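The block underneath contains the structure these notes are about, expressed in structure tokens.
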Amino acid sequence: MGRSHALSGWVLGLAVAPMVGLTSVAEVVPFAAATAGYALVPDLDHPGGSASRLLGPITGLISSAIRTLSGVLYNLTKGPRDEDSTGKHRHATHTLAAAIGLGMLAASLGDRGKWAVLAVAATGLVLAAHVLGDWVLFAVLGASAYSIFGAALPGTTPADALQAGLSGIGGWIGVAVAVGMFTHCLGDSLTRSGCPWLWPLPIRGETWYEIRLPRLLRFSTNSWVERLIVVPVLLAAGVLLLPGAWEIVEQAFNSTSIWLADR
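So the sequence shown is numbered by numbering that gives the first Met the number 0: it starts at 0 and just counts up by one.
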């Protein structure tokens, strides 16, 4: 579900951006790209996940460590009715607590300086491009170039504009990380396996209770439902939620209506 997770992260990023004061394309696109990338991070607990394979043995070692820690946490906190599981995949990293925790950690890096913020944002961008394609890089670079050179105030140097841009990223990077990771959890809740994102809240004797849709609405990962319904819907939403997209669609519709009326 790598592509679906990244696309859903992009869509949720576009939807959430106005809530954190981001309204222009130059602001919204980098935010959505970051949420798309961090929507892949929970699957660091799986050796075949996109994030686990990103940097070969480096991210592979990180994945191995996360799986070990997740298994330990599962054994320490599982309830009397939790299933007999290793607790490695879809456990510790697939929780709201993990999303909030990593988001707060990313936000705190804003105090470490602009390069720490840039590293966190770049990680999300690289992850998103790794799964969705290079268009993500070009979109973000184009938006960033506009911010630096097109929107700079008279007398402002590119270096000053870059500094201001990085300061702006520092204001929202924690939200992007948390939203991206939680989007992944919501996506997994649509599948038959579910996702225990309410951990450690005990539900029916389970600390790791898998949140799921009603049985008839669930689908398997990489099934025809995901490929033919979920992905196309996400692609459409990922375009229509861009700032100004609805206005373009409306203008095109009005122009077409006028043309048809004149025939």
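Note that the Cβ used here is the ideal one computed from N, Cα and C, for glycine as well. What you are looking at is a predicted structure, and each value in this text was computed from that prediction instead of being measured.
| task | Take the Cβ of Thr-67 as the centre, count every other Cβ of all protein chains shown within 10 Å, and call the residue buried at 16 or more, exposed below. | result | exposed
| request: Just the C-alpha distance for Trp-134 and Thr-76, rounded to the nearest angstrom, thanks. | output: 42 angstroms
| request: Rounded to whole angstroms, what's the CA-CA distance from Val-125 to Ala-33? Just pull it up for me. | output: 9 angstroms
| field | Range covered by the alpha helix (DSSP H) that runs through Val-130 | value | 113 to 131
| query | Leaving out five residues before and five after Gly-154 in sequence, what residues of the same chain have Cβ atoms less than 7 angstroms from its Cβ? | reply | The predicted position of Gly-154 is uncertain, since its pLDDT is 49 and thus under 50; no value can be drawn from it.
| Beta-ladder partner(s) of Glu-205, from DSSP | Ile-202
| message | Using a Cβ-Cβ cutoff of less than 7 angstroms, which residues in the same chain neighbour Ser-69 once the five nearest sequence positions on both sides are dropped? | response | Asp-44, Gly-86, Lys-87, His-90, Ala-91 and Thr-92
| Leaving out the 5 sequence neighbours to the left and right, which residues in its chain are closer than 6 angstroms to Ala-16 when beta-carbon positions are compared? | Val-27 and Phe-30
| Backbone secondary structure at Asp-159 - three-state DSSP | Legend: pLDDT at Asp-159 = 49, less than 50; position of this residue unreliable, value from coordinates given subsequently. In this structure, Asp-159 counts as helix in the three-state DSSP scheme.
| For Leu-182, which three-state DSSP category applies? | The sequence shown places Thr at residue 182, not Leu. Helix, per DSSP.
| query | Between Val-83 and Gly-47, what straight-line distance do the alpha-carbon atoms span, to the nearest angstrom? | reply | Per the sequence presented here, residue 83 reads as Asp, with Val not at that position. Their Cα atoms are separated by approximately 22 angstroms.
| Limits of the unbroken alpha helix (DSSP H) element including Arg-2 | 1 to 15
| query | Contact between the segment 55 to 62 and the segment 171 to 191: three or more CB pairs below 8 angstroms? | reply | no
| query | Using the beta-carbon count (16 or more within 10 Å), is Arg-2 buried or exposed? | reply | buried
| Secondary structure of Thr-220, DSSP reduced to three states | coil
| request: Report all residues from its chain with a CB closer than 6 angstroms to the CB of Trp-78; omit the five preceding and five following residues, and keep chain order. | output: The question names Trp, but residue 78 is Gly in the sequence shown. Contacts found: Pro-201, Gly-204, Glu-205 and Thr-206.
| Going by beta carbon distance, what residues of the same chain come within less than 8 angstroms of Leu-131, once the five residues before and after it are set aside? | Arg-2, Ala-5, Leu-6, Trp-9 and Ala-35
| With C-beta atoms as the reference, is Thr-182 less than 9 angstroms away from Phe-218? | no
| said: Can you tell me whether Thr-22 is helix, strand or coil according to DSSP? | reply: coil
| task | Under 8 angstroms by Cβ, that's how I've got Tyr-208 and Leu-197 pegged, so tell me the actual separation to the nearest angstrom. | result | 7 angstroms
| Alpha-carbon to alpha-carbon, Ala-96 and Asn-74 | 17 angstroms
| task | Closer than 6 angstroms by C-beta to Val-19: which residues in its own chain qualify, once you throw out the five before and the five after it? Chain order, please. | result | Trp-171 and Val-174
| task | Quick one: grab the DSSP three-state call for Thr-190. | result | strand
| message | Starting from Ala-50, trace the alpha helix (DSSP H) in both directions and tell me its first and last residue. | response | 49 to 52
| said: Tell me the rounded alpha-carbon separation between Thr-94 and Leu-11. | reply: 17 angstroms
| field | Endpoints, alpha helix (DSSP H) assigned at Leu-108 | value | Note, Leu-108: premise wrong, no alpha helix (DSSP H); not H, not E.
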